[in-house]
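Take the sequence shown: its position 391, counting from 1, is numbered 391 in the working numbering, and each next residue is one higher. From the three backbone atoms N, C-alpha and C, an ideal C-beta is built for every residue, glycine too. The structure presented is a predicted model; accordingly, all values stated were derived computationally and were not measured. Note sheet for the following structure.
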Amino acid sequence: MTIASHGSTKKPEDIIGRKTEMEQYWRILEKQSIMLSSVRRMGKTCILRKMCANPAEGWIGVEYFVQGKTCPEEFTYDLVKILQDQSVLKKTKWKSFSQWAEKNLGDKDFGSFKIPGFAGKWKELLTDIIKEVAESKSKVVIMIDELPLMLWELQMKGKEEAESAMELLNTLRTLRETYEADSHVRFIFCGSIGMNLVLQKFKKDFGYMGQPINNMAKEIVLAMNDLDGKELCEYFLEGYPEEVDQESLISSLLQATDNIPFYIEMAFGYFEKNFIDSPTVEDVKTVFEKTLNDTTESDQYSHFSERIDTYYQEDERKVAYHILNFLCQSESLKPEQEIINYINTQSSDFEEKTIKDTLKKLWEDLCIERVILDDTRHYKFRFNLIRRWWKINKA
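Now the structure itself:
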């Protein structure tokens, strides 16, 4: 029996499914880089890890996790170390940190990104490295995980750090423009907060007018398709007794979890924790009735709430809460005007434009789904499980 451990780091061989998405991404990478958007719990990092371990023919995948990087100098220095460790740079003319430092800094002792003189030179090193990889004719995709979060954390420190974050974005765009057309060096930018939130913040607070990702393909990681969801359930069901009605159980699990892999694994973790050796459809219902109202599990569902609290402006937060408090009452699509009318009954503080803009922002953030019916916008929660959590815990 496979032990479920939702939220744990997965080895590539333990990552189930996502063949359709990975094939799509490899096809795109033949032509251009990708901006991969997602929210927490969808398994985006697992997809990157699996792509690196099982690359398309001729490709080398480099996974680079950047949350917590404090400056472009650290970003660049650690990227070079990873490219060295994975032998990507062995196929280039680039020799070593010390050789580069002696030539560009006048000091071959380059044991840290904090050495004096490097602060003004990180862009040169980053450019040199990408140039070398591009000219090597290797097919390399550098997958930068949590880049939007790193950029957000930088700008929160102050104007100087925000300017360095914007410069990093501009530099990465220039490198793609310079080398993508004539080489096979590519990037995947990925994050659990949207790059749109970061760019809106840069524009509003610092006057940033750049378009740093407009030459990248935009892709979204959502829940698993039914085949992958079924495969993941079957993976965890190995070793369960034969009397378990797997067909009914899997159908119930996929419906209850919206095919989100994290919550599928959470359900199996609950079965194990509570010694449920022969789970039934009723046990699936119990899992989520319990965890949706459990203080120890609440943070497993709260990421949309935290996202709004952290990344939205004050008026946007208030409107977003009104919108979601209304939508959580029903699984059905609601026309935009009905949502506006409801908010106007709750408060007279918000202009119609603010409500429409916030609806669009929640839609872009994958919190709600938008459907056009009779040329009119309609909305509902994208994930019914999150709708239930919001209704129980926030509304």
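For His378, the three-state secondary structure derived from DSSP is strand. Just so you know, the alpha carbons of Leu359 and Lys10 end up roughly 35 Å apart.
Listed as beta-bridge partners of Tyr64 by DSSP are Ile144.
Arg18 is classed as buried because its beta carbon has at least 16 other beta carbons within 10 Å across all chains shown. Between Val141 and Arg186, the C-beta gap is smaller than 7 Å, which places the two residues in contact. Note on the region 176–264: whole alpha helix (DSSP H) runs with a minimum of 4 residues are 195–206, 226–237 and 246–257, in chain order.
In the DSSP assignment, no residue is bridged to Glu331.
Around the beta carbon of Val371, fewer than 16 other beta carbons lie within 10 angstroms, which makes this residue exposed. In this chain, the alpha helix (DSSP H) harbouring Val287 covers Val281 to Thr291.
For Arg40, there is no enclosing beta strand (DSSP E), as DSSP gives it neither H nor E.
A straight line joining the alpha-carbon of Gln84 with that of Glu23 spans about 27 Å. C-alpha of Ser138 to C-alpha of Asp365: approximately 35 Å in a straight line.
Straight-line measurement puts the Cα of Phe350 at about 15 Å from the Cα of Glu338. Judged by beta-carbon spacing, Ile355 lies beyond the 7 Å limit of Leu362, meaning their Cβ atoms are not closer than that value.
Here the alpha carbon of Leu327 sits roughly 58 Å from the alpha carbon of Ser98. Straight-line measurement puts the Cα of Ile323 at about 21 Å from the Cα of Asp375. Taken atom to atom, the span from the alpha-carbon of Thr291 to that of Phe383 is near 16 Å.
Counting C-beta pairs closer than 8 Å gives fewer than three between the region 224–239 and the region 191–202, which falls short of the contact rule. Within the DSSP bridge table, the entry for Arg370 names Tyr379 as partners. Membership of Ser305 in the alpha helix (DSSP H) is indicated by the continuous run His303 to Tyr311.
Of all alpha-carbon atoms in Val39, Tyr64, Ser332 and Arg40, the one lying nearest the alpha-carbon of Leu48 is that of Tyr64. Selection Ser183, Phe75 and Val244 evaluated against Leu147 yields Phe75 as nearest (Cα-Cα). Between Ile260 and Met42 the beta-carbon gap is near 7 Å, inside 8 Å, which marks them as a contact. Excluding the 5 residues flanking it on each side, Tyr77 has same chain C-beta neighbours closer than 7 Å at Phe113, in chain order.
Of the residues Val39, His303, Ala217 and Pro279, the one whose Cα lies closest to the Cα of Glu238 is Pro279.
DSSP places Met156 in the coil class of the three-state scheme, outside both helix and strand. Beta bridge pairing from DSSP links Lys139 with Trp59.
By the beta-carbon neighbour count (other beta carbons within 10 angstroms, threshold 16), Gln211 is exposed. Rounded to whole angstroms, the gap between the alpha carbons of Lys121 and Ile16 is 42 Å. In the DSSP assignment, Gln24 falls within the alpha helix (DSSP H) that extends over Lys19 to Leu29. For Gln300, no alpha helix (DSSP H) segment is defined, and its DSSP state is neither H nor E.
Residue range Glu352 to Glu364 is occupied by the alpha helix (DSSP H) that includes Lys361. A buried status is given to Met216, since no fewer than 16 other beta-carbon atoms sit within 10 Å of its beta-carbon. Non-local C-beta neighbours of Leu232 in its own chain, meaning closer than 8 Å and more than five positions away in sequence, comprise Ile16, Gly17, Met224, Pro261, Ile264 and Glu265, ordered along the chain.
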